[in-house]
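As numbered in this note's numbering, residues 343 to 770 make up the sequence shown, in order.
Glycine residues also receive a C-beta, built at the ideal position from the N, C-alpha and C atoms.
Keep in mind that this is a model prediction, so the values were computed, not measured.
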Amino acid sequence: MAPSLPLPLDRSPTAPPGFHVLAKPSGPICNLDCSYCFFLAKEALYPGDRFRMSDAVLDAYVRQLLESQQASEVTVAWQGGEPTLMGIDFFRRALDLVGRHRRPGQVVHHTIQTNGTLLTEEWCELLREHEFLVGISIDGPAELHDAYRVDKKGAPTFERVIRGLDLLRAHDVEWNVLCTVHAANQDHPLDVYRFFRDELDACHMQLIPIVEREDADGFQGKERVTERSVDPDAWGRFLVAVFDEWVRRDVGTVFVQMFDAALASWYGVPPALCIFNETCGNALALEHNGDLYSCDHFVDPGHLVGNIMQTHMVELIASPEQRAFGAAKRDTLPRYCRVCDVRFACQGECPKNRFARAPDGELGLNYLCTGYKTFFTHVDGCMRLMADALRRGGSADEVMRILASAPRNEPCPCGSGRKAKHCHAVSR
Ligand code: SF4
Ligand code: SF4
C-alpha cells in the first residue's frame, strides 16, 4: 500500500483514505454508437448541453483530487463517452495542471479508457511521454467485436480499433483490453480470450458483463433486460472456460482482472475491484460540468452527490449520502446472498445489477447470480492452491505445475472430484 501524505490542514479527515474519480470530460458523447452503450442515454440528463469540460472545472478537478488524496500515489482517470473527443490540447492543459498542483512526494498515474479509433501519432507520443495506461475497448475478433461496436452509420469499427492499437504498440504505450461480454460473444469464450492473448499479445484484460435494462431513459427501472445483455448462465460458462485455459498455462503472464480479484478474496485481502468488495462508494464519476455522482454506473438524478465548483470533492465523498450509498451494497444484500457459500468472493456483485428475485421471492438478487455461483464454485480448488502458494511465500503460478503433474487417472488437484484427465489435465 502506498504511504500516506499529510492532508492539507483545512481538509476533512473523514474522507476515505483512497478513492477514485472517473472524469468524463465529454460526458457521454462518443464518436461511435455501440448498441449496448448505456452512456448514450445519459445525454438526456443535460438537455441542450455541449458536453465539454471547461478549463475552470478542469482546474478544480485536478487541484481538488491531488490535494485530497492521502495516499502518495494518485491516479487521474479519464473516461467517456469518448474522452479523446476533447482534443489533445485539453489533455496537455490537464497534464500542466497536474504538474502545478502535485504535492511534494506525490506520484501521479494517468489512465484513459478509449475506443482507440481517434488515436494518432501525436496522441501516442503524449500518452507515452506521460506513461498513460490506455484501456482499449474491444470485444474479441472482428465478427464478435463488430456485432454491437458500430459507428453512427452502423458500420463496423474493428479495423479502426486495431489501427489505434497498432499505433499504441508502435509507440510503446502501456495498454490493456476492456472486453464487454454480451449475447454476441458470450458463447465464444476461448475465441475471445485466445484472440486477445495470441493475436493481440494482451497481458492485461478486463471482462465486463453487459446487463442492459429495458428502460427507455437508461436509468434504474425494470427487471427485464435487452436481448443484447449477457445471459447469466452463459456468463458463468464464459468465465469458467477462460479461467480453465488461464489457470493451466497463463498464470503470471496474462492478468485477468476478475481472476486477480477472486484470488485476493481467497487469499483474504480486499479485492481491488469494487464489485467484489463488501461495501463501495469510493469510486465516483465526475461529469463535464463538475457534477459528481456516486458511481459511473449511477449517473442519474437520484445519485448526484453535488458539484465540485460549489463544494470541495472531499466533502462530497465524505458526505453521509455517499457513505450510505457505499454501505447499502452490504446492507441491502438479500437473504439468499447472506447465506451463500461464495458470498465472501461475490458480495452480491454490483448493486446496479441487483434487480432479480431470489428463489424465496425476495427482490434484489443480482441478475448474474447463477453465473457467479457457477464461476466462484468452480474456481474454489484452484484458488485454494494459488492462495496456499502465496501464503507459503511462493507465487500463484505454482498452480500450473501442480495441475500439470497430476497423474491422469488420479483425482484432479483442483478438488473437483473428477479424474485429472477429465478435468485440468485435459488438453484442449
Ligand atoms: S455501484 Fe457497482 S460499480 Fe459502482 S462502486 Fe459500487 S460496486 Fe462498484
Ligand atoms: S453468487 Fe449469487 S447468492 Fe452468492 S453472493 Fe453472489 S449474487 Fe449472492
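Residue i in three-state terms, based on DSSP
{"i": "S479", "result": "strand"}
{"i": "M651", "result": "coil"}
{"i": "G644", "result": "helix"}
{"i": "D352", "result": "Confidence is the limiting factor: at D352 the pLDDT is only 49, short of 50, which leaves the residue's position unreliable, though a coordinate-based value still follows. D352 falls in the coil class under three-state DSSP."}
{"i": "H297", "result": "Since the displayed the chain opens at 343 and closes at 770, residue 297 lies outside it and no answer follows."}
{"i": "K761", "result": "strand"}
{"i": "N518", "result": "strand"}
{"i": "G422", "result": "coil"}
{"i": "Y714", "result": "helix"}
{"i": "F561", "result": "Note that F561 scores a pLDDT of 48, beneath 50, so its modelled location is shaky; the value from the coordinates is reported in the next line. Looking at F561 - three-state DSSP - the assignment turns out to be coil, as it is neither helix nor strand."}
{"i": "V582", "result": "helix"}
{"i": "R743", "result": "helix"}
{"i": "Y378", "result": "coil"}
{"i": "H524", "result": "coil"}
{"i": "L542", "result": "coil"}
{"i": "F597", "result": "strand"}
{"i": "V684", "result": "coil"}
{"i": "P613", "result": "coil"}
{"i": "Q664", "result": "helix"}
{"i": "V748", "result": "Per the sequence shown, residue 748 should be read as Ala rather than Val. Coil."}
{"i": "A489", "result": "coil"}
Neighbour-count burial assignment, residue i, 16 or more Cβ in a 10 Å radius
{"i": "F686", "result": "exposed"}
{"i": "N751", "result": "exposed"}
{"i": "T499", "result": "buried"}
{"i": "L605", "result": "buried"}
{"i": "V363", "result": "buried"}
{"i": "H764", "result": "exposed"}
{"i": "T676", "result": "The amino acid at residue 676 is misidentified as Thr; the sequence shows Pro. With 16 or more other Cβ atoms within 10 Å, it is buried."}
{"i": "L532", "result": "exposed"}
{"i": "G757", "result": "exposed"}
{"i": "D633", "result": "buried"}
{"i": "Q652", "result": "exposed"}
{"i": "A436", "result": "buried"}
{"i": "H766", "result": "buried"}
{"i": "L705", "result": "exposed"}
{"i": "R502", "result": "buried"}
{"i": "E556", "result": "exposed"}
{"i": "E485", "result": "exposed"}
{"i": "A419", "result": "buried"}
{"i": "V681", "result": "exposed"}
Own chain, CB closer than 7 Å to residue i, minus 5 neighbours either side, in chain order
{"i": "V515", "result": "C466, L469, R470, F474, V476"}
{"i": "I430", "result": "E464, W465, L468"}
{"i": "Y609", "result": "A729, L732"}
{"i": "E554", "result": "Y378, F380, V567, T568, R570, S571"}
{"i": "D401", "result": "L439"}
Paired residues, beta bridge with residue i - DSSP
{"i": "H630", "result": "According to DSSP, H630 bridges with nothing at all."}
{"i": "M395", "result": "According to DSSP, M395 bridges with nothing at all."}
{"i": "Q411", "result": "None; Q411 has no bridge partner."}
{"i": "D575", "result": "Partner(s): none; D575 has no beta bridge."}
{"i": "H452", "result": "V418"}
{"i": "L549", "result": "C521"}
{"i": "H639", "result": "Paired residue(s): none; H639 is not in a bridge."}
{"i": "R699", "result": "L705"}
{"i": "V567", "result": "R555"}
{"i": "P753", "result": "K761"}
Residues near residue i by beta carbon distance below 6 Å, same chain, minus five either side
{"i": "L520", "result": "G477, S479, Q548"}
{"i": "R760", "result": "C754"}
{"i": "F618", "result": "A603, Q689"}
Nearest-angstrom beta carbon gap, residue j and residue i [assumed within contact, 8 Å]
{"i": "V523", "j": "P551", "result": "5 Å"}
{"i": "T453", "j": "T417", "result": "6 Å"}
{"i": "G744", "j": "L727", "result": "It should be noted that the sequence gives Ile, not Gly, for residue 744. Contact flag correct, Cβ pair sits at about 6 Å."}
{"i": "F585", "j": "V721", "result": "6 Å"}
{"i": "Q528", "j": "D573", "result": "6 Å"}
{"i": "K694", "j": "H639", "result": "4 Å"}
{"i": "N624", "j": "G458", "result": "Contact doesn't hold; Cβ gap of about 28 Å is too wide."}
Sequence-distant residues of the same chain with beta carbon closer than 8 Å to residue i, five excluded per side
{"i": "D575", "result": "T712, G713, T716"}
{"i": "R539", "result": "D592, V596"}
{"i": "S661", "result": "V647, G648"}
Near ligand 4: residue i beta-carbon under 6 Å from a heavy atom
{"i": "C688", "result": "You won't find ligand 4 in this model; what it holds is ligand 1 and ligand 2."}
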